[in-house]
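For the sequence shown, the tail end lands on 441 under the working numbering, and the numbers increase by one without skipping.
Note that beta-carbon positions come from the ideal geometry of N, C-alpha and C, so glycine has one too.
Beneath this line is the structure, given in structure tokens, with notes to follow.
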Amino acid sequence: MTIPTEEDLKVIAEQVWSSYLDLDGASPLIALPAEKPETDVTASVSVTGAWRGHVLVSCSEPAAKNVAAALLGIEFDDVAEEDVADALGELANIIGGNVKSLLPEPCALSLPHVHVDGAAGRYPSVTEICHLEGSWLAESVIVTVLESTADLAGAPA
285 MTIPTEEDLK VIAEQVWSSY LDLDGASPLI ALPAEKPETD VTASVSVTGA WRGHVLVSCS
345 EPAAKNVAAA LLGIEFDDVA EEDVADALGE LANIIGGNVK SLLPEPCALS LPHVHVDGAA
405 GRYPSVTEIC HLEGSWLAES VIVTVLESTA DLAGAPA
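Written out as structure tokens, the structure reads:
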């Protein structure tokens, strides 16, 4: 069974950033912890099947607005709350799909969920498999892969 590593997550995040958010290469995701990590907004997708867990993309509110502006092709000042939810959810879906490609088959992704009040306490019975802390446009971005440790009744091991 293949489990994603921190290096896998770094490669995935850098590819997603260069393909969707930093087309001209002027503002790449820097895989170094931000000075003041803030995770005001979290988008997640759940993975079910041969492997069970979650892929989370957490960032500061300004980073989330920058994601929306880049993905939707609109000005930062024109980004609405629903734009942030749509764009960050799509980013979690893209990264989650790339992580899923490393997992044993069969696996499926859920629709994205976006939480504007952080993710603390939302994912019980999990173990962190890997994470990437980064900075994008001087804002905090964290990508985390969590594996479910719950023994689901009736579910194959």
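Here D362 is exposed, its C-beta having fewer than 16 other C-beta atoms within 10 Å. With a contact defined as Cβ atoms closer than 8 Å, L421 and A347 qualify at about 7 Å. DSSP places A392 inside the beta strand (DSSP E), whose first and last residues are C391 to L393. DSSP places E298 inside the alpha helix (DSSP H), whose first and last residues are E290 to V300. When only Cα atoms are considered, L387 and W335 end up about 7 Å apart. Just measuring C-alpha positions, the residue of A364, V300 and V429 sitting nearest G309 is V300. Boundaries of the alpha helix (DSSP H) around A354: E345 to L356. When only Cα atoms are considered, G373 and T433 end up about 24 Å apart. Residue pairing by DSSP places L430 opposite H338 and E412 in a beta bridge. In the three-state reduction of the DSSP assignment, S385 falls in the coil class.
T326: member of the beta strand (DSSP E) spanning V325 to G333, first to last residue.
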